[in-house]
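According to the numbering used here, the sequence shown is numbered sequentially starting from 31. Here a beta-carbon is modelled for each residue, glycine too, at the ideal position from N, C-alpha and C. None of the values given here were measured: they were computed from a predicted structure. As structure tokens, the structure follows; a few thoughts come after it.
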Amino acid sequence: MKKEFFNIEGDKEVKFNYRFIQPPQIAYFVTTKDEFGNINSTPITLGTCNAATFPKDGNFGEFYLTFSMGIKSQNDIGNKNHPRDGYINLLNHSEAVVSYIGEDLLQEAIIANMPLPRGISELDIAGLNTYPSRNISVPSIKECPINIECKIIEKIKLGNYYMLFIAKVVGISVDKELIEKDKDGYGVLHINPVFELNINQKKSKNNRLHFGMINSKKILVPGDNFGSTIDWVGTYDNLLRSEFNRGKISKEEFNHIKELTEIFKNDRSNKTVKDELTKLLKKGITGRNPTE
Ligand SMILES: Cc1cc2nc3c(=O)[nH]c(=O)nc-3n(C[C@H](O)[C@H](O)[C@H](O)COP(=O)(O)O)c2cc1C
């Protein structure tokens with residue numbers, strides 16, 4: 031297979047479609063406030079949920095989100111890519127509300143993208159309303175069915191142009207109607223969220239963001255003919271037992287895999303054992319030989 035390599039750290043003129051790196055990401059408002067209490071809302075896609083743990087071991091639930099915001103002016107043609115007001119606000123007041131954007135709020139998201147004067151609320155211009163959040167002083171957005179209240183716990187400068195914010199979720203409010211709708215557990219999918227694809231001029235006269243959506247009629251499930259039968263990850267032991275019960279490995283192979291695993295655990299530099307274990311696991315899990 032022919033591959034083309036783009037040497038990002040070795041070629042200052044490198045040109046390629048950066049959307050091979052930046053995938054379609056769900057869009058959300060990040061609402062913040064300045065020192066006068068002025069509300070600001072920044073639409074964001076450079077971020078995601080990075081940790082999700084329900085309460086356990088006597089700890090509260092732990093959920094984290096990240097997002098990064100531009101920190102420096104960048105002059106592109108017809109576009110002064112200014113430091114985000116949201117970024118400046120978060121340097122002084124480390125609370126934010128993350129609100130996912132459904133297709134019905136696309137226009138409002140684009141209005142919030144406009145280079146409005148600092149202190150003017152994009153929500154007011156777009157005609158969106160707020161209500162008090164419960165655990166932080168930055169308000170939530172009424173028209174958004176999901177509002178996630180966050181405290182910024184860490185910020186990391188990413189090179190010359192972006193600041194990554196790590197946000198700890200301290201509360202979430204969800205429209206009751208949405209909770210009732212969420213019979214399949216897909217959560218945010220029920221608001222028909224939009225995903226940023228790229229920026230181009232193909233479908234309109236001006237340079238515009240393009241968005242995609244998840245086709246909820248096309249849900250993929252990997253099937254039951256491989257993997258642990260109990261849980262989606264399961265334990266190694268259960269994985270081996272599951273493949274044995276399916277008849278994909280014999281009792282002898284099962285025992286041999288276990289022996290090899292023990293040896294390899296104590297010496298991960300043993301190439302002969304590694305090769306044999308890999309071969310048996312590949313056959314047991316995929317039914318394929320190492321050369322296939
Ligand atoms: C869907 C969407 C996603 C965006 N994602 C980001 C992002 O992840 N980071 C960023 O700095 N700007 C992003 N932008 C651009 C900013 O939202 C835009 O520059 C905005 O004017 C900044 O607002 P502020 O200065 O009020 O914070 C995005 C815009 C849109 C519409």
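Taking residue i as the reference, which of the options has the closest Cα?
| i | options | result |
| --- | --- | --- |
| L95 | L239, V128, H123 and G88 | V128 |
| R49 | F66, K32, L76 and E39 | L76 |
| K312 | I51, N177 and L270 | L270 |
| A139 | S71, Y191 and F93 | S71 |
| S98 | N105, S203 and P73 | P73 |
| N228 | N37, Q55 and V44 | Q55 |
| R276 | F241, G242, K185 and T316 | T316 |
| T160 | V263, N68, E43 and K288 | N68 |
| V199 | E92, H112, T78 and E39 | E92 |
| H123 | N80, N105, E65 and I171 | E65 |
| E283 | L307, I293 and Y266 | L307 |
| A197 | K32, K42, T78 and R114 | T78 |
| G194 | I118, Q231, I38 and E43 | Strictly speaking, residue 194 in this sequence is Leu, with Gly absent from that position. The shortest Cα separation from L194 among I118, Q231, I38 and E43 belongs to I118. |
| P53 | G157, E226 and D205 | E226 |
| F274 | G257, G157 and G264 | G257 |
| D214 | I287, D205, N237 and I249 | I249 |
| H112 | A81, N80 and P147 | P147 |
| K211 | I202, N222 and G201 | N222 |
| N165 | S203, K304 and N80 | S203 |
| K288 | Y266, T302 and S272 | Y266 |
Which residue marks the beginning of the alpha helix (DSSP H) containing residue i, and which one marks its end?
| i | result |
| --- | --- |
| H286 | K281 to N296 |
| L315 | It is worth fixing the name first, because residue 315 is Ile in this sequence and not Leu. Residues K301 to T316. |
| A139 | L136 to A142 |
| D154 | E152 to A156 |
Per DSSP, which one or two residues make a beta bridge with residue i?
| i | result |
| --- | --- |
| I104 | Looking at the sequence itself, residue 104 is Gln, so the reference to Ile does not match. Paired residue(s): N111. |
| K86 | N89 |
| Y94 | A81 and K198 |
| R238 | N230 |
| F59 | P73 and S129 |
| I209 | According to DSSP, which records beta bridges pairwise, I209 is partnered with nothing at all. |
| T225 | Here residue 225 is Phe; the residue named in the question, Thr, does not match the sequence. Answer by DSSP bridge pairing, in chain order: I56 and G242. |
| S170 | Y161 |
| Y266 | DSSP, once it has assigned bridges, lists no residue as partnering Y266. |
| V204 | I176 |
| Y192 | G100 and L188 |
Just curious, the beta strand (DSSP E) that residue i is in, first and last residue?
| i | result |
| --- | --- |
| E184 | I176 to L188 |
With a cut-off of 8 Å on the beta carbons, I'd call residue i and residue j a contact; round off their distance for me.
| i | j | result |
| --- | --- | --- |
| L120 | I182 | 6 Å |
| I260 | N268 | 6 Å |
| A57 | I131 | 4 Å |
| E133 | V224 | 6 Å |
| Y191 | I101 | 6 Å |
| S163 | E173 | The pair is not a contact, with the Cβ atoms about 15 Å apart (cut-off 8 Å). |
| G116 | V60 | 5 Å |
| A126 | T62 | 5 Å |
| N300 | I293 | 7 Å |
| S170 | N177 | 4 Å |
| I244 | L219 | 6 Å |
| F241 | L136 | 7 Å |
| I51 | V44 | So it is not a contact: roughly 12 Å between Cβ atoms. |
| P252 | D205 | Between D205 and P252 the Cβ distance is about 31 Å, and since that is not below 8 Å, they are no contact. |
Under 9 Å between C-beta atoms, does residue i make it to chain D?
| i | result |
| --- | --- |
| I140 | Among the chains of the structure shown, chain D does not appear; only one protein chain is present. |
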